[in-house]
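Notes follow once the structure below has been shown.
In our numbering, the protein residues as written are 396 to 737.
Written out as structure tokens, the structure is:
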């Protein structure tokens, strides 16, 4: 049977209220010798205070919720790790929920975080609906890399500069001398996918290079969809050009899609980067372990995680605080034609 506060009080010869004063540091002072007896009883009996109950009395639980996409996507796995590390550094516990791509199966998680009075929720997902906002009610919510724009009811947003990331990637391919750069975009109705394609198109147009819709194929952020999109794109480009060939370079909206593109290239007998240069966005560790390693624009996940957690730790506001978008950094692999060791 678990040791109770009453057990400690009986062993120390004091009232349960005095035990509470010792544990919580107040609100009333406790004599030094009495404090020693209480602390000795706690140690002898192995008593552990109920942290949740104590936190509720103080008005904070020191627990935050994280609603994220499936960690099968390496980007979200690394983002979850970054948020967990940041939360831990502030003495916060984290409860995790996986967002549902279709339907509202993550709603039980949201009901749970409300019932347990978490201090706030970080929503790192495309699928944070108006219904989810209504379930959380007054619970502070910070959206991080929401691909559908601002999440209704959130206090702050942490965003990545998707247009700049695409610009970095495409400019790098142009520096290699590529003049036909196709694109595998993210899913339709995704703000981040739209912004990345806008950056791709604007950069190519500024360089006087083709940027038509025939060079774009949309796909979900999965390896399987990246593979299918590559097959569809290469076949369509070959049919629409005088010379039946694939484009020489492709900008891919995410590392996980690029993994599928590498698979498609293997199936089609295309060598990377000799026959096709590939560059992507995310900068995940697994991308650098591909063959060849992916050149990618890395998202600063540690900085983004810190901004999200710190936003929850501050006093909630009715209006979102302006947090400037975070910019990525080009990480050189070999898929673009570079030799990172030179």
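Ideal Cβ placement from N, Cα and C applies to all residues, glycine included.
Taking a C-beta distance under 8 angstroms as the contact criterion, residue 493 and residue 707 do not qualify as a contact pair. For the stretch 560 to 626, the continuous beta strand (DSSP E) assignments of 3+ residues that do not extend past its boundaries occur at 576 to 580, 611 to 613, in sequence order.
DSSP, read as helix, strand or coil, puts residue 518 in strand. Less than 8 angstroms divides the Cβ of residue 595 from the Cβ of residue 561. 616 is the residue among 616, 732, 654, 670 whose C-alpha sits nearest the C-alpha of residue 465.
When the beta-carbon positions are compared, residue 403 and residue 437 come within less than 8 angstroms of each other. DSSP places residue 490 in the strand class (E or B) of the three-state scheme.
Rounded to whole angstroms, residue 584 and residue 521 show a C-alpha spacing of 10 angstroms. For a cut-off of 8 angstroms, the C-beta gap from residue 656 to residue 563 is around 19 angstroms, too long to register as a contact. DSSP places residue 727 outside both helix and strand once states are collapsed to three, so it counts as coil. Uninterrupted alpha helix (DSSP H) stretches at least 4 residues long and entirely within the stretch 686 to 713 occur at 696 to 708, given in chain order. Around the Cβ of residue 435, a 10 Å sphere holds fewer than 16 other Cβ atoms; the residue is exposed. The straight-line gap separating the alpha-carbon atoms of residue 470 and residue 431 is approximately 50 angstroms. Contact fails between the stretch 503 to 511 and the stretch 468 to 487, because fewer than three Cβ pairs, one in each stretch, are under 8 angstroms apart.
Residues of the same chain with a CB within less than 8 angstroms of the CB of residue 406, apart from the 5 flanking positions on each side, are 436, 439, 440 in chain order. Per DSSP, residue 456 lies in no alpha helix (DSSP H) segment and is marked neither H nor E.
If you draw a straight line from the Cα of residue 580 to the Cα of residue 610, it is about 10 angstroms long. In this structure residue 555 is in contact with residue 720, their Cβ atoms being roughly 6 angstroms apart against a cut-off of 8 angstroms. Among the bridge pairs identified by DSSP, residue 463 is matched with 493, 519. A straight line joining the alpha-carbon of residue 587 with that of residue 576 spans about 19 angstroms. By the neighbour-count definition (other C-beta atoms within 10 Å, threshold 16), residue 427 is an exposed residue. For residue 674, the enclosing beta strand (DSSP E) stretches over residues 672 to 677. Residue burial is scored here from C-beta neighbours: residue 652 has at least 16 other C-beta atoms within 10 angstroms and is therefore classed as buried. In the DSSP assignment, residue 644 falls outside any alpha helix (DSSP H) and within the unbroken beta strand (DSSP E) covering 644 to 647.
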